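First up is the structure itself, then whatever we jot down about it.
Chains as they are written, first to last, in our numbering: chain G, 1 to 356; chain Y, 1001 to 1356.
Printed below as a string of structure tokens:
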């Protein structure tokens, strides 16, 4: 039996590029997709020949398990182009590892690293015109895996589809966000799937978030489900708090996503001589710090958001406005990260990955 | 503007029935589907004209939000046929109400009750040959809703599809099941979506269940995520414990599905003069009762499983075998329920719903 070779991607090119129909100065996040997509099916116990084809709708059975039992995991990555037209990814091995950790938790098969990189690189080379140079521009990359087997028994599927689609992007949040600390609803349980980029984790947040939005807040910072005393993450972002000149962020656990931007910020803090404590952060201490003036910043980190400053938080009907300071850590980390990502500064940790 | 009328279902009939290709004596749960499906799209803020069409694969964008953020809810129901060819559902208004409760928790639109019933009844009349008479035979009905909008921003979709597919079924579990009490993994959090039939709740159970299966157990009985001290539900079944002649089952909360079979068993127990306590059930008391011989039965209840006796449980490496007794409550409730469902006995609570 011949094993499938990831180098033998079957490529069907798009006949007409859609790129001239896109207004790159007015992009809404995640609505426009590039000309091509990468697809690889898992059948008969193995990943089949990978394909790149024009971005298009798929045919799938209504009984596909993804629709019924939520076997679906994803990643979020970005590609950047420098002024010389070189294309870079940022720490892509982290995303490759994480999608497989997510998949394992949902009883889905591992996608081989060589397939992941070969598929991604071939796709990006084909759609390279969609990556615009300049800080703030990027191509958002969405690898995901869904259970396709047409059978509605509640057990892991026998067939899956791994797909990569790409969407040109500006920064996800442009304005500082107002957040609400969760008091009633929860994002995830101890022993659950909160650490995984599992599709179901996101839908579960939409209703509580809509309630927060009705109260005038953009996002929720989730607290631990047992006591609601400790601040965890924001669903699409990890969260950092700056008290005086020290950063604090919650440790990873089985409820919190192991964010790539989060771990990069922790490293950058070390590089820049900024103290960063990774430990439980209580609602009580953040409210106390807001009251006594020692809370200088809150910001979120994530691939889509990059760094997103928080301008206010609410808890138990107390609202605290956070003055946006000059020379904030948020802006320092954002510019430092963007410079590395766009090949504008040294890359001492080897985070950039060039697509050749 | 004319509102869509649920009575105006657009029907496209299948040209050739598949029914003669199906071996009804050898059905694997959820793999064979009837000739037709019901489909209704939500677009522009309202449900559009409902359709019945031949069961078929769908065309859907890879960027559809269901694949990325898990906005997907479902129901499980069954249709039964008596010896005179009359078709019955069992408490279908419970399923209609529950899919809308699930949808609300996932920020999805309510599906109108008249659409639900009109669609379901029209579909069942068209595919009535697929419902075989006789206790043990049924047509499993799977209404579900998925987010179809092609946009990968992490927020509720603007478009959805409501679908009903049907699959002929025998009882889901034929043998008593061996279960493991959860000690590490969790199904849901306080303030989460455990009470909803949300797709993501199921995928989250597959990996821990696979570990249980490697240890020789079929299912997990989930415990509360905070302490793992209290027994909750089994993921596809609610759970009842019989100590001496008294039944105990966990109360509904935001972690536990409000099962239709569960509430029917509680009512039947009352009718039959069997004491049934709805209260927290601790692992400790069940182990103590197993040791002193007062634990007579454990059984699961669910639409797919009906009543599923448990023959053994494990906790903290202690394994307890449960002798299957004659005249068990499990078999009493099962036969009582099946008789009502199949129009073989009185229906004093009005649970049967005839499809005319």
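The beta-carbon is built from N, C-alpha and C at its ideal position, and this holds for glycine as well. Remember, predicted model here, so these are calculated numbers, not experimental data.
Using a Cβ-Cβ cut-off of 7 Å, residue 54/G does not count as an interface residue toward chain Y, since no Cβ of chain Y sits closer than that to its own. With 16 or more neighbouring CB atoms inside 10 Å of its own CB, residue 315/G falls in the buried class. For residue 102/G, same chain residues with a beta-carbon under 7 Å away, outside a window of 5 residues either side, are 73, 196, 197 and 198 in chain order. Taken in chain order, the members of the stretch 1187-1202 of chain Y whose beta-carbon sits within less than 9 Å of a beta-carbon on chain G are 1187, 1188, 1189, 1190, 1191, 1192, 1193, 1194, 1196, 1198, 1199, 1200, 1201 and 1202. Excluding the 5 residues flanking it on each side, residue 153/G has no same chain C-beta neighbour closer than 6 Å. At a cut-off of 7 Å between beta-carbon atoms, residue 1036/Y makes no contact with chain G.
Its chain contains 87, 88, 89, 124, 131, 138, 139, 141, 166 and 355 as the residues whose beta carbon lies nearer than 8 Å to that of residue 79/G, once the 5 sequence neighbours on both sides are disregarded; these appear in chain order. Rounded to the nearest whole angstrom, the CA to CA distance from residue 1055/Y to residue 1010/Y is 14 Å. Spanning the alpha carbons of residue 1062/Y and residue 1243/Y requires a straight line of approximately 51 Å. Cβ-Cβ distances below 8 Å link residue 334/G to 306 and 307 in the same chain, with the five nearest sequence neighbours on each side left out; the list follows chain order.
At a cut-off of 7 Å, the C-beta of residue 1273/Y has no neighbouring C-beta in chain G. The alpha-carbon of residue 53/G is positioned some 56 Å away from that of residue 1248/Y. Taking all protein chains in view, the Cβ of residue 1349/Y is surrounded by fewer than 16 other Cβ atoms within 10 Å, so the residue is classified as exposed. Residue 1093/Y is not bridged by DSSP to any residue. By the rule that beta-carbons nearer than 7 Å mark a contact, residue 1142/Y touches chain G. At the C-beta level, residue 185/G and residue 1070/Y stay beyond 7 Å of one another.
Residue 1266/Y sits in a helix when the DSSP states are folded into three classes.
Within the same chain, and ignoring the five residues on either side of residue 339/G in sequence, the residues whose Cβ sits closer than 6 Å to its Cβ are 345.
Interface criterion not met: the Cβ of residue 315/G is under 7 Å from no Cβ in chain Y. In the structure shown, the three-state DSSP call for residue 141/G is strand.
The beta carbon of residue 91/G lies closer than 8 Å to those of 260, 264, 351 and 353 in the same chain, with the five residues before and after it left out. Counted as a single uninterrupted DSSP element, the alpha helix (DSSP H) harbouring residue 1066/Y occupies residues 1065-1069. What residue 270/G touches in chain Y, judged by beta-carbon distance under 8 Å, is nothing: the nearest beta carbon there is about 30 Å away. Residues of the stretch 225-252 of chain G with a Cβ closer than 9 Å to any Cβ of chain Y, in chain order: 225, 226, 227, 228, 235 and 236.
Residue 1283/Y and residue 1300/Y have their C-alpha atoms spaced approximately 16 Å apart.
Taking the CA atoms as reference points, residue 17/G sits about 27 Å from residue 48/G. For the C-beta of residue 1027/Y, not a single chain G residue is nearer than 8 Å; the gap to the nearest is close to 11 Å.
Under DSSP, the beta-bridge partners assigned to residue 300/G are 239/G and 308/G. For the pair of segments examined, the stretch 233-240 of chain G was found to touch the stretch 211-222 of chain G: the number of CB pairs separated by less than 8 Å reaches three. In this structure, DSSP gives residue 188/G a state outside helix and strand, which the three-state scheme calls coil. When the beta-carbon positions are compared, residue 1325/Y and residue 1310/Y stay at least 7 Å from each other. Residues of the same chain with a CB within less than 8 Å of the CB of residue 1200/Y, apart from the 5 flanking positions on each side, are 1070, 1072 and 1193 in chain order. Contact with chain G is found for residue 1156/Y, since one of that chain's Cβ atoms lies less than 7 Å from the residue's Cβ. Remark: C-beta atoms of residue 127/G and residue 36/G approach each other more closely than 7 Å.
Rounded to whole angstroms, residue 1151/Y and residue 1215/Y show a C-alpha spacing of 42 Å. In the DSSP annotation of this structure, residue 1048/Y is not part of any beta strand (DSSP E), being labelled neither H nor E.
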